[in-house]
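Visitor: In the numbering used here, the protein residues as written are 804 to 1118.
1) Look at the Cβ atom of residue 937, then the Cβ atom of residue 1014, and state whether they are nearer than 9 Å.
2) Compute the Euclidean distance between the alpha carbons of residue 1098 and residue 915, then round it to the nearest angstrom.
3) Suppose you measure from the CA of residue 1003 to the CA of residue 898; what does that come to, to the nearest Å?
4) Under 9 Å, do residue 812 and residue 1021 count as touching if we go by C-beta distance?
5) Would you tell me roughly how many angstroms separate the C-alpha atoms of residue 806 and residue 872, rounded to the nearest one?
6) If we ignore side chains and look at the alpha-carbon of each, how far apart do residue 817 and residue 1054 end up?
7) With distance defined between alpha-carbon atoms, name the residue in 1025, 952 and 980 nearest to residue 939.
8) DSSP three-state call for residue 940: helix, strand or coil?
9) Could you check if residue 1139 is buried or exposed, using at least 16 other CB atoms within 10 Å of its CB as the buried criterion?
10) From this set, 823, 1082, 822 and 844, which residue's C-alpha is nearest residue 830's C-alpha?
11) Rank 1011, 1115, 834 and 969 by C-alpha distance to the C-alpha of residue 997 and give the top, closest one.
12) Tell me, to the nearest whole angstrom, how far the beta carbon of residue 814 is from that of residue 841; I am working on the premise that it is less than 8 Å.
13) Residue 1019 to residue 944, Cα distance in whole Å?
14) Restricting to runs no shorter than 3 residues, where is the beta strand (DSSP E) found entirely within the segment 828-904?
15) Assuming residue 1014 is part of the alpha helix (DSSP H), what are its boundary residues?
16) Would you list, in sequence order, the uninterrupted alpha helix (DSSP H) runs of no fewer than 4 residues that lie entirely inside the segment 926-986?
17) How far does the beta strand (DSSP E) with residue 1110 in it reach, from first residue to last?
And the structure:
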């Protein structure tokens, strides 16, 4: 097995054009790109055919480092396990659902996609689409085919600081003008159920829908609750909020410092700054910047008034 001295490295962002995107996300997170409109910034991804972040100091892609230096990650997943995305729509995202691991393995020989959202900012709109009212597949199909989306789809209010768990099989859509951070299993399988009949300006066509596949994986009845707000705890100068820590899926924490703090995690993790400026060890950080801290690296020192999200995975 190849070895390489462990160090903290910058993760270069990947900008994604989206029909519902704008330009606010580039300004807030200091993005330099000619892509327009930008709907997403992939801060952590290792999908060779769709997007694979470069690690600046190593001049390698994330998937290359994962394959060649497994001691940096310390997990048994064959493929890199998580993906993290900043999402900033100026229009509603499509109503969609992702398959479970069982369905995806059986039909596509890949993993499914569960995800979770941390809400960073909202404007006039405070709603996301989350769940449905149908008791079974037949009722869902009937309401959808007759255009009764308002009766069928459920919406919940969200505010900055909210966390929502979105397991596979949950119908969902992030609302307009809601800046969110998404952590998910590292796959790109989406079944689009409803897209408001909108037309892509570049193609002049509506986007493909996957209604029957979506019905195959939807949960009946909808079971998930709305936003949750775990209590934060103080540790070595950091206020830490543990949103989710599920083996074989993903981990998401929030850490806040007002001056000096120390943070440590035995697993590999990514630190994504969402507010403030300061330093992580000797590295200057600002909003939108993501760092990779390898497995068993040891404690990091954080100085400044910073809010960051910690994304990780463990077996």
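The beta-carbon is built from N, C-alpha and C at its ideal position, and this holds for glycine as well.
Guide: In short:
1) Translated into positions along the chain shown, residue 937 becomes position 134. Translated into positions along the chain shown, residue 1014 becomes position 211. Taking 9 Å as the cut-off, the Cβ atoms of residue 937 and residue 1014 do not count as close.
2) One-based indexing of the chain shown puts residue 1098 at position 295. One-based indexing of the chain shown puts residue 915 at position 112. Residue 1098 and residue 915 have their C-alpha atoms spaced approximately 25 Å apart.
3) Reading the chain shown from its first residue, position 200 is the one you call residue 1003. Reading the chain shown from its first residue, position 95 is the one you call residue 898. Using only the alpha carbons, I get a separation of about 16 Å.
4) By 1-based counting over the chain shown, the position of residue 812 is 9. By 1-based counting over the chain shown, the position of residue 1021 is 218. The beta carbons of residue 812 and residue 1021 sit no closer together than 9 Å.
5) Here residue 806 refers to the residue found at position 3 of the chain shown. Here residue 872 refers to the residue found at position 69 of the chain shown. Straight-line Cα distance between these residues: approximately 6 Å.
6) Position 14 of the chain shown, counted from the start, is the residue given in the question as residue 817. Position 251 of the chain shown, counted from the start, is the residue given in the question as residue 1054. C-alpha separation (whole angstroms): 22 Å.
7) Locating residue 939 in the chain shown gives position 136, counting from the first residue. Ranking 1025, 952 and 980 by Cα distance to residue 939 puts 1025 first.
8) Taking the first residue of the chain shown as 1, we reach residue 940 at position 137. Residue 940 falls in the helix class under three-state DSSP.
9) Outside the shown range of the chain (804 to 1118) lies residue 1139, about which nothing can therefore be said.
10) Counted from its first residue, the chain shown places residue 830 at position 27. When 823, 1082, 822 and 844 are compared, the shortest CA-CA separation from residue 830 is found for 844.
11) Position 194 of the chain shown, counted from the start, is the residue given in the question as residue 997. Of 1011, 1115, 834 and 969, the residue nearest in Cα terms is 1011.
12) Translated into the one-based positions of the chain shown, residue 814 becomes position 11. Translated into the one-based positions of the chain shown, residue 841 becomes position 38. Taking 8 Å as the upper bound for CB-CB distance, residue 814 and residue 841 are not in contact here, some 17 Å apart.
13) Within the chain shown, residue 1019 is the residue found at index 216, counting from 1. Within the chain shown, residue 944 is the residue found at index 141, counting from 1. Going from the Cα of residue 1019 to the Cα of residue 944 covers about 11 Å.
14) Taking only runs of at least 3 residues, the beta strand (DSSP E) segments lying wholly in the segment 828-904 are 841-847, 885-890 and 898-900.
15) For this step, residue 1014 is matched to residue 211 along the chain shown. That run of the alpha helix (DSSP H) goes 1014-1020.
16) Within the segment 926-986, the runs of alpha helix (DSSP H) that reach at least 4 residues and sit entirely inside it are, in chain order, 940-948 and 952-955.
17) Start at 1 with the first residue of the chain shown, and residue 1110 comes out as number 307. From DSSP, the beta strand (DSSP E) with residue 1110 extends over 1103-1115.
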